[in-house]
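Residue numbers (this note's numbering): 28 to 164.
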């Protein structure tokens, strides 16, 4: 067995770990929730996070079909879609047959750790969501 040169071993260990798919649960702020309005209440995302907690666009490109979102409302409605990334549009949620996209506002800057806040924009309204938890997908 050949021994790798020390410089090659160091270079390989210095590379960041590949982004892994995570299950991310987001909850709408209580002031925005109402059982009667059918507005988004909870989201569950499957997305690749890097070691610092950012969504990794390169890892997403390799795993886009596995990057999903489930939107649930307080009245029990559930809609499944995709987490999508556009070079100019940034991150957004795309639901089959749905004409209103949800823009994942500044997700490219967001660090996904429990307790942090993120924002979504749907049909002209902005929703502040709290990250409840992150686990393996």
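A virtual CB, placed ideally from N, CA and C, is assigned to each residue, including glycine.
Here the structure is a predicted model, which means the values were calculated and not measured.
Just to confirm my understanding: we take residue i, look at its own chain, exclude 5 residues before and 5 after, and list those with CB closer than 8 Å. What are they?
i, result
"residue 143", "137, 157, 158"
"residue 93", "48, 73, 164"
Less than 8 Å between the beta carbons of residue i and residue j, yes or no?
i, j, result
"residue 82", "residue 134", "yes"
"residue 160", "residue 52", "yes"
Can you list, in chain order, the residues of its chain with a C-beta nearer than 6 Å to that of residue i? Leave out the 5 residues immediately preceding and following it.
i, result
"residue 69", "54, 99"
"residue 162", "50"
"residue 97", "71, 107"
Whole angstroms are fine: how far does the CA of residue j sit from the CA of residue i?
i, j, result
"residue 76", "residue 140", "10 Å"
"residue 112", "residue 131", "10 Å"
"residue 108", "residue 129", "10 Å"
"residue 117", "residue 145", "14 Å"
"residue 88", "residue 56", "30 Å"
"residue 79", "residue 85", "15 Å"
"residue 124", "residue 106", "11 Å"
"residue 60", "residue 147", "Summary for residue 60: the model assigns pLDDT 47, below 50, so the residue's position carries little reliability; its value from the coordinates is reported in the next sentence. Distance between the alpha carbons of residue 60 and residue 147: 14 Å."
"residue 95", "residue 114", "19 Å"
"residue 91", "residue 71", "16 Å"
"residue 19", "residue 155", "Only positions 28 to 164 of the chain appear in the structure, and residue 19 is not among them; the question remains open."
What residues in its chain sit with their C-beta under 7 Å from that of residue i, if we drop five residues either side in the sequence?
i, result
"residue 121", "108, 109, 111, 128"
Suppose only complete runs of 4+ residues qualify. What are the alpha helix (DSSP H) ranges in the region 58-129, listed by chain order? 84-90
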